[in-house]
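Protein chains: 2
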Amino acid sequence: MTTMTEVAQAAGVSVMTVSNVLSGRRRVSPETRKRVLQAVAELDYQVNLTARNLRYGRSGSIALLVPQFDHAYFGALGARVARAVADLGRQVVVEQTTASQEGELSALSLARLHMYDGAIFSVVGLREAELDKIRDSIPIVLLGEREVPARFDHVMMGNIEGARLAVEHMLNRGSQRVLIAGGRLGQDPLGMSRARTLGWLTAHNEAGIPADENLILRMGQLDIAHARREVAAAVAADPGIDGVFGVTDDVAIGALAGLRDAGRQVPEDVQVVGFDNLEIGAHIHPELTSIDPSSDWIVDNAVRLLQARMSDDPPSEAEHLVSPVRLVERGSTRRDG
Amino acid sequence: MTTMTEVAQAAGVSVMTVSNVLSGRRRVSPETRKRVLQAVAELDYQVNLTARNLRYGRSGSIALLVPQFDHAYFGALGARVARAVADLGRQVVVEQTTASQEGELSALSLARLHMYDGAIFSVVGLREAELDKIRDSIPIVLLGEREVPARFDHVMMGNIEGARLAVEHMLNRGSQRVLIAGGRLGQDPLGMSRARTLGWLTAHNEAGIPADENLILRMGQLDIAHARREVAAAVAADPGIDGVFGVTDDVAIGALAGLRDAGRQVPEDVQVVGFDNLEIGAHIHPELTSIDPSSDWIVDNAVRLLQARMSDDPPSEAEHLVSPVRLVERGSTRRDG
DNA sequence: CTGAAAGCGCTAACAT
DNA sequence: ATGTTAGCGCTTTCAG
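Taken in order, these protein sequences are the chains called A and B. Under numbering that gives the first Met the number 0, the first residue of the first sequence is numbered 0, with each subsequent residue one higher. Under numbering that gives the first Met the number 0, the first residue of the second sequence is numbered 0, with each subsequent residue one higher.
Put into structure tokens, the structure is as follows:
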């Protein structure tokens, strides 16, 4: 590996001059500059960013930590963050938090954070206790539907309101028994499933319809294949089900398949609403009615908060934001009651 | 930021002892060990990996460079690579190559590679000339459907054979006019679209059916929304079309939507086959027949090649592998002719 | 405008 | 079993 010293020797100058040419931090005379660049080209030199970063004390890149790579939502998230962060002249690198291991935030992965100037951390499988281990680390903004320690900036979706809207919509359009696929009751941890189940409850209360807890379909994994199987089984066991709220679009898409398997027509027999408003939902059949969580809003705010926290005088108080949500009506729900 | 020196002072030992306790490289007496760990805990110390990596000369992580985050295929790729690389005790970080900028491989992003022990590089928008700029850099394995300089290890999909299989299948099942959505004729660059169009041609030749070049639907972007619009327009303009080969599953899924928009039944009026065998394809309606490119095989080989290249005596010759492909038959094609 | 010395935080190699 | 010295490759500071 060529080093700056070798370039300096080849060009007959000091390392400092090479450094200055490459970083542009100080003026260098055109001639020496030319000699240096020529040596750089001949030796095929490239700066060692590890060394530079050690000296600088920063790296120019920010990390996005997601629980899974192979999930449409996190892919979209990454793309949005990259776009927002490019304007700041920084690079995004995405790492997968080796999801839900006993020590998800192992000592090592915690130390890795120091290699970045800041991090956006999508917390899913993380317990609050583990989050508390992150102390005087780098600037961090949390994303995700979990309860987090108050000292962190945090942006989350309007889970309760979104779920309420989704279920209200189906009840308005004539559904009586709305299954919540991937729902979950109970206190701790107050995660996404629980929050959205709360919205499901609220919609029932507001509509004056008793919420039947048997309609809460707990799921081990919130993926398409599981949802398909379990929703098909659920409607077979309870033929009265005439609406399904999937706690994510993946679950809702699986539900559509499961209902097909069970011989139910959507939206005539059963209405379906999802949550996330993934692009694919607009292009399948029937097109999926979904809750749009304002992902752009979420990312813009996360980047703004991160930028503030990385600035010279970071805010003393952490912000906790909840994104606005809206229902995007498509073919998986009926036009009228 | 706490440093190792501070920990050493707090524990009343030398920095070397702290280093030894934390890295486990040398034996340390239980008592001092305990004192050190206590100081580490009290000061909330974490090693500076930038410094450690500079000293070590390696980073323990490998990079996966993809053109886009928000694409199901690259998400799945990332997940597979992470799994395969975890066994080697290494971390994967994913970066987005700021796709198709004039200087996609800017000097800086090239330099960034040095921060990793190796890289798997999914080349899509990259010209061969740009790839040639990567010289005595770190070990690299290329992925993707493009022609690459021979000195690189390269794993690609069986594009021609896969496309041939897809189109042969539709011709066997009675299609006469098979549109290739996202196809492209011409020499340079020999990219994915071109290779798959070659397979489309081959299938026609083998079946003794003349290939009508009007059935090659070029697309600016290979995404669902574009495919939907352009396929709908294509079948409106040419009602004789009775088969669509989408060069990717995204394109095929868009084609399904476009055909629906145009009032065509799949598979009765028009058969559809995609390429990638994304998970979602098995769960939409109609279920998408697709070419499985053996993604696991691709990733396993890429990781194997990378490992070999990172080893003490790297192979002198580069390998160029083509993945086996197979047709996965589902509901978007007919059971018989 | 250019150079020499010092040091970012850590660990390999050599003491003790 | 622990400590001291030197240096990874770069840039900041201080001189010229």
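Just so you know, even glycine gets a beta-carbon here, dropped at the ideal spot from N, CA and C.
- According to the DSSP secondary-structure assignment, A62/B is paired through a beta bridge with V92/B, A118/B.
- Against chain B, the CB of A254/A has no partner CB under 8 Å away; the residue lies outside that interface.
- In the three-state reduction of the DSSP assignment, M3/B falls in the helix class.
- Contact between A317/B and R150/B holds: their C-beta atoms lie close to 5 Å from each other, under 8 Å.
- When rounded, the separation of the alpha-carbon atoms in F244/A and T332/A is 11 Å.
- In the structure shown, T288/A falls within a strand segment according to DSSP collapsed to helix, strand and coil.
- Taken atom to atom, the span from the alpha-carbon of R228/B to that of G242/A is near 31 Å.
- Straight-line spacing of the CA atoms in L258/B and G88/A works out to 43 Å.
- Boundaries of the alpha helix (DSSP H) harbouring F73/A: 71–85, taken from the DSSP string.
- D43/B counts as exposed, since fewer than 16 other C-beta atoms from the protein chains shown sit within 10 angstroms of its C-beta.
- Per DSSP, the continuous alpha helix (DSSP H) segment holding R259/B begins and ends at 248–260.
- The beta carbon of T16/B sits closer than 8 Å to those of A7, A10, V27, T31, V35, all from its chain and outside the five residues before and after it, given in chain order.
- Bounds of any beta strand (DSSP E) do not take in D131/B; it lies within the alpha helix (DSSP H) bounded by 127–131.
- In this structure, DSSP gives H225/A a helical state, which the three-state scheme calls helix.
- Under the three-state reduction of DSSP output, R325/A falls in the strand class.
- G273/A: member of the beta strand (DSSP E) spanning 270–274, first to last residue.
- The Cβ-Cβ distance between V166/A and G190/A does not fall below 8 Å.
- For V140/B, the enclosing beta strand (DSSP E) stretches over residues 139–142.
- Taking 3 residues as the minimum length, the beta strand (DSSP E) runs contained wholly in the stretch 160–212 of chain A are 177–180, in order along the chain.
- In the DSSP assignment, D152/A forms a beta bridge with V140/A.
- V35/A: member of the alpha helix (DSSP H) spanning 29–42, first to last residue.
- Below 8 Å, enough C-beta pairs join the stretch 156–165 of chain B and the stretch 268–278 of chain B to call them touching: three or more.
- The same chain holds no residue with a CB closer than 6 Å to that of D69/A once the five nearest residues on each side in sequence are set aside.
- Three or more Cβ pairs drawn from the stretch 291–310 of chain B and the stretch 133–152 of chain B lie within less than 8 Å of each other, which places the two stretches in contact.
- In the DSSP assignment, V298/A falls within the alpha helix (DSSP H) that extends over 294–309.
- Take the alpha-carbon of G207/B and the one of P285/A: they are about 38 Å apart.
- G280/A carries a helical assignment under DSSP once its states are collapsed to helix, strand and coil.
- For the pair I61/B and G143/B, the CB atoms are not nearer than the 8 Å cut-off.
- By a beta-carbon distance limit of 8 Å, P314/B does not contact P138/B. Their separation comes to about 11 Å.
- Counting the other CB atoms within 10 Å of its CB gives Y55/B a total below 16, which places it among the exposed residues.
- With respect to chain B, the C-beta atom of E94/A has a partner C-beta closer than 8 Å.
- Out of A40/B, R51/B, A202/B, the CA that lies nearest to the CA of H113/A is found in R51/B.
- Contacts with chain A (Cβ-Cβ distance below 9 Å) from the stretch 139–161 of chain B involve no residue at all.
- Neighbours of I223/B across chain A, judged by C-beta separation under 9 Å: E278, I279, A281, H282.
- Looking only at L178/A, R325/A, A194/A, the smallest Cα-Cα distance to G185/A is reached by A194/A.
- Per DSSP, V234/B has no beta bridge partner at all.
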